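Numbering (this note's numbering), first residue to last: 56 to 572.
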């Protein structure tokens, strides 16, 4: 059976034919016999194509009857596209197994279905998708020229690229948190083929960075050459020539240059080798929201915040929504300047215009993330204007900030309550079980407690007094790890009548995996 303990109410569910469905996810429990071993495999899959990650507190109870269950294992688990299954080997003749999950973080950003837009794209497999001309024109000068010559709802042929390459490119035009290494080759091929300077620049930065998989420079050069990433080729070649490694490469592989396309060799490699050009790859120019050029761009719309006019791509506004803005007769949009936004801007000594400029920069293809200190103000702006997908993305970034004091705990909890940020609220409530428990107890008995919503008050009381999964007096180290909420990487576990834990736990003399009810 399965318990969802994300709220106060402990609602019990039984798996219907070994699976249970919530609003967004399907939880599947399989019983597998592997070489005489009985395994229970718990996995999670989203119901829609999405970017997703789930982090839960997990408790496992076992017993010979439903009335005599005891906790044998508890930990923090993470489900994601790269790790969506946990297996439990049954060590004893167990009749009942009970799983209890309490949500710590739930991120589920639904991917666009490409059913709306003003231009149709024909893909290699013969299928069609819709998107917005203004989005395509924003991402690539070549696409801008192509869509400008097409009347509304005409078809643009992109069948020279694989279907997945086009989709990976399009996904990154919409609100997303995709890592650069996700479908890297297809995304890079599409970006180069469609001449997207902003994406090519970002991909090249990634190939040259320490975040790229541990690879020698010469291997990175081969990857850059294969994908024709001009900025990456230039930067890597400069390093190789300046360090003297280039001569060593040619000595070890005299035929290396034969694998390089002639046009790439003539325009990039030869000038660098000859030490005629050692300039760094160009840094992308700041996105223009204010100039006369931006104002006359047919793909832009005027957005007014206080007395400042921003000229914003209509595709960006379409996919994020304009319902939270006031619309003027000439089609311009007026942004709200709420008291909450005024307060947040004053706290960080920043103008609302600068917050909006940096927020829009992140929303544009290849744009840099908003600075840490402005994330709260950006979240308020998104909340005021119902930009729900950007709220999801910014909330995940804001939650990376650690809670280091009682003042921060109160600040985070009130902010989460005001904006209804469920993941941030869960994180604060978990601090109330651990490092901030004493302060949370005092808060419950203070006048400030009534400032929170009724639901938050109930949850705070529950987390302070229930001790759901943190209190492990017999094992302080485990208790601390649970309080930190670090997902366990041990996805192969064992459970018996009285004990459970990672596979092979009985060999670990330093760890006590037995728990009291």
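Using N, Cα and C, we set each Cβ at its ideal position, and we do this for glycine too.
It should be emphasised that the depicted structure is a prediction, and the values quoted were computed from it without experimental measurement.
What does DSSP give as the partner residue(s) for residue 211 in the beta ladder? 176
Can we count residue 272 as close to the ligand GTP, meaning its CB is less than 7 Å from some heavy atom? Looking at this structure, you won't find the ligand GTP or any other ligand, since it has none at all.
Just reading off the alpha helix (DSSP H) that residue 183 is part of, what are its end residues? Run containing residue 183: none in the alpha helix (DSSP H); it sits in the beta strand (DSSP E), 183 to 186.
Do you know offhand how far residue 485's Cα is from residue 461's? 13 Å
Can the beta-carbon of residue 96 be found less than 8 Å from the beta-carbon of residue 135? no
Between the Cα of residue 227 and the Cα atoms of 181, 468, 422, 372, which residue gives the shortest distance? 422
Name, in chain order, the residues that DSSP records as bridge partners for residue 366. 357
Between residue 301 and the rest of its own chain, which residues show a CB-CB distance below 6 Å, the 5 nearest in sequence each way excluded? 295
Would you mind sorting residue 223 into buried or exposed? The rule is 16 or more other CB atoms within 10 Å of its CB. buried
Test item: CB-CB of residue 439 and residue 376 under 8 Å: no
Spatial neighbours of residue 147 within its chain, please: CB distance less than 7 Å, with the 5 preceding and 5 following residues excluded, ordered by chain position. 551, 552
Got a sec, what are the start and stop residues for the beta strand (DSSP E) residue 93 sits in? 92 to 101
Rounded to whole angstroms, what's the CA-CA distance from residue 587 to residue 349? Just pull it up for me. In the structure displayed, the chain extends from 56 to 572; residue 587 sits before or after that span and is not available.
Are residue 272 and residue 255 closer than 8 Å when you measure CB to CB? no
Can you tell me which of 243, 218, 384, 355 puts its alpha carbon nearest to the alpha carbon of residue 419? 355
CA nearest to the CA of residue 397, picked from 389, 390, 407, 428: 407
Any contact of the region 144 to 162 with the region 178 to 191, i.e. 3+ C-beta pairs under 8 Å? no
For my contact list, residue 178 and residue 221 are in at a C-beta cut-off of 8 Å; report their separation, rounded to the angstrom. 6 Å
By Cβ distance, which residues of its chain are closer than 7 Å to residue 373, with the 5 residues on each side in sequence left out? 187
For a minimum of 4 consecutive residues, which ranges assigned as the alpha helix (DSSP H) are wholly contained in the region 365 to 410? 369 to 375, 394 to 403
Given residue 328, which residues of its chain have a CB within under 8 Å of its CB, disregarding the five upstream and five downstream residues? 292, 296, 301
Can you find the residues in the same chain that come closer than 7 Å, C-beta to C-beta, to residue 198, ignoring five residues on each side of it along the sequence? 191, 192, 249
Return the chain-ordered list of same chain residues with a C-beta closer than 8 Å to the C-beta of residue 183, the five sequence neighbours on each side being excluded. 175, 176, 177, 210
Nearest-angstrom Cα distance between residue 129 and residue 112? 7 Å
Whole angstroms are fine: how far does the CA of residue 410 sit from the CA of residue 401? 12 Å
Please report the straight-line C-alpha distance between residue 213 and residue 89, rounded to a whole angstrom. 47 Å
Just to confirm before moving on: does the CB-CB distance between residue 366 and residue 344 stay below 8 Å? yes
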